[in-house]
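Worksheet: one structure, shown below.
2 protein chains.
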Amino acid sequence: MTLEIDRSGHGSATDQRVDLAVSTVIFALRPHPVTGEPTVWLPLVRRIREPFEGRWALPGGPLQPHEDLASSAQHTLERTTGLTPNHLEQLYAFGRVDRSPDRVVSIVYWALVRAEEDAQVLPVPNVEWFVADEVSGLAFDHDDIVEYALTRLRAKITYSPIAYGFLPEEFTLAQLREVYEAVLGRQLDPANFRRQMIGRLQATGRCLEGLSHRPPALYRHDPTPSRTTLTFEETR
Amino acid sequence: MTLEIDRSGHGSATDQRVDLAVSTVIFALRPHPVTGEPTVWLPLVRRIREPFEGRWALPGGPLQPHEDLASSAQHTLERTTGLTPNHLEQLYAFGRVDRSPDRVVSIVYWALVRAEEDAQVLPVPNVEWFVADEVSGLAFDHDDIVEYALTRLRAKITYSPIAYGFLPEEFTLAQLREVYEAVLGRQLDPANFRRQMIGRLQATGRCLEGLSHRPPALYRHDPTPSRTTLTFEETR
DNA sequence: CGACTTAGTGTTGACCTGACCCTAACCGGG
DNA sequence: CCCGGTTAGGGTCAGGTCAACACTAAGTCG
Numbered sequence: 001m002t003l004e005i006d007r008s009g010h011g012s013a014t015d016q017r018v019d020l021a022v023s024t025v026i027f028a029l030r031p032h033p034v035t036g037e038p039t040v041w042l043p044l045v046r047r048i049r050e051p052f053e054g055r056w057a058l059p060g061g062p063l064q065p066h067e068d069l070a071s072s073a074q075h076t077l078e079r080t081t082g083l084t085p086n087h088l089e090q091l092y093a094f095g096r097v098d099r100s101p102d103r104v105v106s107i108v109y110w111a112l113v114r115a116e117e118d119a120q121v122l123p124v125p126n127v128e129w130f131v132a133d134e135v136s137g138l139a140f141d142h143d144d145i146v147e148y149a150l151t152r153l154r155a156k157i158t159y160s161p162i163a164y165g166f167l168p169e170e171f172t173l174a175q176l177r178e179v180y181e182a183v184l185g186r187q188l189d190p191a192n193f194r195r196q197m198i199g200r201l202q203a204t205g206r207c208l209e210g211l212s213h214r215p216p217a218l219y220r221h222d223p224t225p226s227r228t229t230l231t232f233e234e235t236r
Numbered sequence: 001m002t003l004e005i006d007r008s009g010h011g012s013a014t015d016q017r018v019d020l021a022v023s024t025v026i027f028a029l030r031p032h033p034v035t036g037e038p039t040v041w042l043p044l045v046r047r048i049r050e051p052f053e054g055r056w057a058l059p060g061g062p063l064q065p066h067e068d069l070a071s072s073a074q075h076t077l078e079r080t081t082g083l084t085p086n087h088l089e090q091l092y093a094f095g096r097v098d099r100s101p102d103r104v105v106s107i108v109y110w111a112l113v114r115a116e117e118d119a120q121v122l123p124v125p126n127v128e129w130f131v132a133d134e135v136s137g138l139a140f141d142h143d144d145i146v147e148y149a150l151t152r153l154r155a156k157i158t159y160s161p162i163a164y165g166f167l168p169e170e171f172t173l174a175q176l177r178e179v180y181e182a183v184l185g186r187q188l189d190p191a192n193f194r195r196q197m198i199g200r201l202q203a204t205g206r207c208l209e210g211l212s213h214r215p216p217a218l219y220r221h222d223p224t225p226s227r228t229t230l231t232f233e234e235t236r
């Protein structure tokens with residue numbers, strides 16, 4: 001307690017500076033607890049310190065001087081889920097003066113995790129998963145951040161090949177469509193969906209067998225840059 | 001022992017921290033010095049200190065503890081141009097470890113300035129304007145930042161009503177088209193351009209007169225949100 | 001074999017886009 | 001006062017995309 005006060009008053013006159021943190025919104029698809037339909041989930045961490053002690057918050061931490069921003073985001077991801085992200089991208093830098101009692105600017109990343117890996121997630125103390133659309137009452141301005149991340153995810157999936165971030169290497173068109181339906185929250189016409197996707201996919205020639213109906217073909221993501229993705233990553 | 005270390009949880013070096021700066025890419029349209037065609041320009045500041053002393057760099061400075069990010073960007077804009085921006089938006093947070101000898105994370109904004117106001121720009125010591133596509137050899141990673149800002153500008157103008165950031169309150173369709181042509185760097189069909197734009201414009205009823213040809217109608221930007229703009233600004 | 005289920009194809013009409021032609025309105029000079 | 005020049009603004013048409021929906025293909029199960 002005394003330390004908190006000391007810290008907040010730390011830079012009042014002389015050495016007042018701005019703290020820099022990196023947080024990550026981690027998305028995975030899991031069945032909705034009520035409807036059973038695939039939905040977007042994310043892990044949150046229960047705060048064990050003031051401010052906002054006891055509230056849920058996005059995983060993250062202060063930026064280490066030797067770490068790149070994306071590395072920092074990836075490390076918090078590994079720490080909270082034990083997984084490596086399939087897609088990692090900067091979301092936004094949040095820096096309102098009043099977003100925290102002490103002055104902190106958070107650079108937020110968002111990540112996608114495969115369903116297959118998602119199953120291997122080990123329970124981590126103080127970490128719990130929630131349906132992304134239903135979280136509220138988070139610490140700091142994290143409610144706004146989650147909402148914004150969802151908006152970006154839903155917008156970006158319509159013009160950029162990020163859905164593969166949720167899928168294994170090989171997948172059927174139905175699985176791919178399920179990802180889109182889960183993210184966008186509405187049904188898509190299988191026939192039209194197929195036509196839109198087929199150009200960006202590589203057929204593996206194999207089929208998924210063992211089901212009680214016609215076996216669907218397996219595809220792989222075709223990484224040829226049909227359109228410039230316009231994502232800027234600082235790993236160059 | 002600073003309490004920052006206690007908070008980070010890692011007992012690393014003593015006072016090693018990350019500095020936080022806010023820079024702004026300021027775009028305006030001016031005639032190209034060779035072709036005379038309207039082109040994208042931006043102001044740069046000559047560095048008077050190491051590192052990169054004598055090199056050109058984006059205007060900016062350290063984030064003040066009492067300032068919001070966007071406010072900081074706007075202040076540097078006023079400082080370097082004496083103008084208020086017509087459009088101000090966060091671009092990206094650049095934080096590579098090796099982008100500067102000392103560890104600095106730069107949160108970069110980009111802004112648009114009206115041509116009319118651009119004419120009133122006062123000469124500021126150590127500030128000079130350049131054709132955006134032709135700058136190179138800047139300090140830090142600012143070459144990359146300018147290139148990325150241009151990419152974003154050119155992408156965003158195609159799906160978001162930001163062109164008005166370059167224009168006065170009332171304008172003709174030819175002026176609006178001139179903005180698009182300058183940014184995109186290619187000619188546009190006046191007839192098709194009209195059809196695409198006309199839905200998002202309000203006719204003022206007035207015309208621009210005094211020219212030696214048919215007087216063009218004056219329009220105003222229609223701010224009805226025909227589509228969600230998906231820009232997140234922290235001013236709420 | 002036949003019912004059922006899911007994979008995948010064809011077709012159609014509405015809409016958007018680019019290319020291009022045409023008319024409308026204003027000027028200035030014989 | 002007509003006439004050519006210039007720019008504003010509208011019309012048309014071919015090609016592509018997209019949603020909607022009917023249809024065929026290929027498996028399993030009884």
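Protein chains in written order, with UniProt numbering: chain A, 1 to 236; chain B, 1 to 236. Beta carbons are placed, not taken as given, at the ideal position from N, Cα and C, and that holds for glycine.
Under the three-state reduction of DSSP, residue 62 of chain A is assigned to strand. Across the structure, residue 32 of chain A and residue 187 of chain A are spaced so that their CA atoms are roughly 16 angstroms apart.
Taking C-beta atoms as the reference points, residue 58 of chain B and residue 25 of chain B count as a pair closer than 8 angstroms. Under the rule that a run must span 3 or more residues, the beta strand (DSSP E) segments found entirely inside the segment 89 to 161 of chain A read 104 to 112, 127 to 131.
In the three-state scheme derived from DSSP, where H, G and I count as helix and E and B as strand, residue 48 of chain B is classed as coil. Residue 177 of chain B is positioned such that its CB atom lies closer than 8 angstroms to that of residue 190 of chain B.
For residue 188 of chain B, there are no C-beta contacts with chain A under 7 angstroms, since the nearest C-beta of that chain is about 20 angstroms from it.
Within chain B, the residues 93, 95, 105, 107 have their CB atoms less than 9 angstroms from the CB of residue 107 of chain A, given in chain order.
In the structure shown, residue 78 of chain A falls within a helical segment according to DSSP collapsed to helix, strand and coil. Per DSSP, the continuous alpha helix (DSSP H) segment holding residue 182 of chain B begins and ends at 173 to 184.
Neighbourhood of residue 69 of chain A in chain B, by CB distance below 9 angstroms: 93, 94, 95, 96, 105, in chain order. Beta-carbon to beta-carbon, residue 183 of chain A and residue 153 of chain A are separated by about 6 angstroms, close enough to satisfy the 8 angstroms threshold. In the structure shown, residue 165 of chain B adopts helical secondary structure according to DSSP, grouped into three states. Put simply, the CB of residue 74 of chain A is far from chain B, with every gap to its CB atoms at 8 angstroms or more. Residue environment for residue 87 of chain A: buried (at least 16 other C-beta atoms within 10 angstroms of its C-beta). Between the segment 41 to 55 of chain A and the segment 131 to 148 of chain A, the count of C-beta pairs closer than 8 angstroms reaches three or more; the two stretches touch. In this chain, residue 200 of chain A is not harboured by any alpha helix (DSSP H), its DSSP state being neither H nor E. For residue 90 of chain A, the chain B residues whose Cβ falls inside 8 angstroms of its Cβ are 92, 93, in order along the chain.
Considering only B:129, B:99, B:108, the residue with the shortest C-alpha distance to residue 39 of chain B is B:129.
Assigned with DSSP and collapsed to three states, residue 71 of chain A falls in helix. Residue burial annotation: residue 134 of chain A is exposed, with fewer than 16 other C-beta atoms found within 10 angstroms of its C-beta. For residue 149 of chain A against residue 91 of chain A, the beta-carbon gap comes to about 6 angstroms, under 8 angstroms, which counts as contact. Membership of residue 218 of chain A in the beta strand (DSSP E) is indicated by the continuous run 217 to 221. For residue 189 of chain B, no beta strand (DSSP E) segment is defined, and its DSSP state is neither H nor E. Assignment of residue 55 of chain B by DSSP, reduced to helix, strand and coil, places it in the coil class. Where residue 83 of chain B is concerned, there is no enclosing beta strand (DSSP E), because DSSP gives it neither an H nor an E.
The distance from the Cβ of residue 69 of chain A to that of residue 93 of chain B is about 6 angstroms, consistent with a contact at the 8 angstroms cut-off. If you draw a straight line from the Cα of residue 194 of chain A to the Cα of residue 173 of chain A, it is about 7 angstroms long.
Per DSSP, the beta bridge partners of residue 170 of chain A are A:220. Cβ atoms of residue 22 of chain A and residue 61 of chain A come within 8 angstroms of each other, at about 7 angstroms.
Around the beta-carbon of residue 34 of chain A, fewer than 16 other beta-carbon atoms lie within 10 Å, marking it exposed. DSSP, read as helix, strand or coil, puts residue 214 of chain B in coil. Under the DSSP assignment, residue 25 of chain B falls in the beta strand (DSSP E) whose first and last residues are 19 to 31. Taking the C-beta atoms as reference points, residue 65 of chain B is found nearer than 8 angstroms to residue 17 of chain A. Ranked by Cα distance from residue 109 of chain A, the first of A:96, A:75, A:47, A:218 is A:75.
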